[in-house]
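Colleague:
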Amino acid sequence: SFPLDSILTLIQFIDKDYKFRSFKIIKIFESIQLELFLQSLLLENTEAFVDNLLIDNFAFILSSYPDRIYNLFGNSFDNSASLVITTFEDNLLKSFIQVLSNGKFNVEIFAKIISNYSIEFFERFLVRIIPEEIFYFSLKNIFTFDHIEKRKREFIIIKLVQFISDGQTLMKLLSCSSLSDHFLRKCLVEKSIYMNSNSSIRNSVKLAEYFSLLGQNNLINVFNELFSQYCSQTQILMFVSLQNQVQLSLALIDFARQINFEMRCLIKDELINSLIFIVQRFLDQSDISRRQIGMLTAETLFTLFEYNSLKFDYIENDPTFSEFVTALNGEKIEKREENSKQNKMEGLKFK
């Protein structure tokens, strides 16, 4: 446990009340940071004194480094503190990449560092490693490591979904997961679906593809769960945020698009009967945006399930509704172009 103890000691001796000593320690620490990080990540779990409490304390103290540096430098008007932290994080990231490339490292230490350190650093880590498929085998062990706090496991999974580009990548990183099915499904279906994506593809599109790769039965189960949420939501729309309505509507359509013809036929009758009942609730809505989003969601589902007796006209100059149409056509709401008005919805001609 020597490298862990060394890092802990050096960081804990950085104190704003002893600036001269602290600056000397920073200088020494920077000269050996990369080597100490590598040695720490390569520690075997069976080595003496490398227990869970030591690792937890190590991850916590390591994550406190930026705050200690800012406290030390105080209200300095130069960028000295930022440079020290950048050097530290650059070396930490380099050590991550190096051990991932080798494929041999202490999974617990790695997972607890990324789950304790800053969100910004974890995002930087994801941007660097997600495009590199050679890392996926090693990454799978980190992203599915289940011996950390539940909320931190959720954070890792949710961030992962935000940064990947498609469901196939998620399948490669989470297949044969050691995480419980209930926990993973809750993270994906109840949390990630409602988060904004950092890629050009929204989260619900990625997740629909992921569950379709797991099999149509899994896909149908999640679709039914989302549809049940959707039915419940229509009863209390006045208490639901418009953004939440938009996200759930898009997710429902994204999952429906992944259902194959045979499975659509099996669930069609019950779905259509429920939708016809729900349409009346939207017709009674006084809020034009909520009403139109609800009607277009229902019409799109009618079309996907080949029930074409109901068609609706829409007021096109409603900006919120236009954003929904843009997203439905496969573009991000946040980054849409004003002149991109083409309608490409599957099986739906927008009037």
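Heads up: the sequence shown begins at 20 in our numbering, then just goes up one per residue.
Don't be surprised by glycine CBs; every beta carbon is placed ideally from N, CA and C.
Which class does residue 166 belong to by DSSP, given the choice of helix, strand or coil?
Modeller: coil
Colleague: Would you list, in sequence order, the uninterrupted alpha helix (DSSP H) runs of no fewer than 4 residues that lie entirely inside the stretch 34-111?
Modeller: 38-60, 71-82 and 84-92
Colleague: So which of 226, 251 and 75 has the shortest CA-CA distance to residue 210?
Modeller: 226
Colleague: Quick one: what's got a C-beta closer than 8 Å to residue 183's C-beta in the same chain, skipping five residues either side?
Modeller: 149, 189, 192, 218 and 225
Colleague: Comparing C-alpha positions only, which one of 204, 22, 312 and 91 sits nearest to residue 39?
Modeller: 91
Colleague: My output table needs one value for residue 175: the three-state DSSP class, helix, strand or coil.
Modeller: helix
Colleague: With 16 other CB atoms within 10 Å as the buried threshold, where does residue 54 fall?
Modeller: exposed
Colleague: Does the separation of the CB atoms of residue 343 and residue 247 fall below 9 Å?
Modeller: no
Colleague: With 16 other CB atoms within 10 Å as the buried threshold, where does residue 347 fall?
Modeller: buried
Colleague: Whose CA, out of 174, 231 and 75, lies closest to the CA of residue 27?
Modeller: Taking only the C-alpha atoms, the option nearest residue 27 is 75.
Colleague: Straight-line CA distance for residue 274 to residue 242?
Modeller: For residue 274 and residue 242, the gap between their C-alpha atoms comes out near 6 Å.
Colleague: Mapping the DSSP letters down to three states, classify residue 150 as helix, strand or coil.
Modeller: coil
Colleague: Please report the distance separating the alpha-carbon of residue 50 from that of residue 61.
Modeller: 19 Å
Colleague: On a CA-only basis, which of 265, 207 and 42 is nearest residue 174? Give me that one, please.
Modeller: The residue with the shortest Cα to Cα distance from residue 174 is 207.
Colleague: Does the distance from the CB of residue 371 to the CB of residue 179 come in under 9 Å?
Modeller: An answer regarding residue 371 cannot be provided, because it is not within the stretch 20 to 370 covered by the chain.
Colleague: So residue 341 is in the alpha helix (DSSP H); what residue range does that whole segment cover?
Modeller: Start and end: 338-347.
Colleague: What span of residues does the alpha helix (DSSP H) with residue 263 cover, start to end?
Modeller: 261-277
Colleague: Given this structure, state the Cα-to-Cα distance separating residue 141 from residue 214, to the nearest angstrom.
Modeller: 17 Å
Colleague: Which class does residue 205 belong to by DSSP, given the choice of helix, strand or coil?
Modeller: helix
Colleague: Under 9 Å, Cβ to Cβ, is there at least one residue of chain D near residue 342?
Modeller: The chain inventory of the structure shown lacks chain D, comprising one protein chain alone.
Colleague: For residue 108, which residues of its own chain have a beta-carbon under 7 Å away from its beta-carbon, when the five flanking residues on both sides are left out?
Modeller: The beta carbon of residue 108 sits closer than 7 Å to those of 140, all from its chain and outside the five residues before and after it, given in chain order.
Colleague: If we ignore side chains and look at the alpha-carbon of each, how far apart do residue 85 and residue 46 end up?
Modeller: 15 Å
Colleague: Nearest to residue 79 by alpha carbon, out of 24, 349, 262 and 121?
Modeller: 24
Colleague: Can you list, in chain order, the residues of its chain whose CB lies under 7 Å from that of residue 324, leaving out five sequence neighbours each side?
Modeller: 283, 287, 290 and 291
Colleague: CA-CA distance, residue 126 and residue 177?
Modeller: 19 Å
Colleague: Of the choices 169, 131 and 116, whose alpha-carbon is the least far from that of residue 154?
Modeller: 116
Colleague: With a Cβ-Cβ cutoff of 9 Å, do residue 319 and residue 261 count as a contact?
Modeller: no
Colleague: Whole-angstrom Cβ separation of residue 312 and residue 265, contact assumed at under 8 Å?
Modeller: 6 Å
Colleague: Between which residues of its own chain and residue 143 is the CB-CB distance below 8 Å, once the five residues before and five after are set aside?
Modeller: 108 and 112
Colleague: Sort 159, 156 and 135 by Cα distance to residue 169 and report the nearest one.
Modeller: 135
Colleague: I need the boundaries of the alpha helix (DSSP H) containing residue 24, first residue and last residue.
Modeller: 21-31
Colleague: Here's the rule I'm using: 16 or more other beta-carbon atoms within 10 Å means buried, otherwise exposed. How should residue 104 be labelled?
Modeller: buried
Colleague: Please report the distance separating the alpha-carbon of residue 220 from that of residue 181.
Modeller: 9 Å
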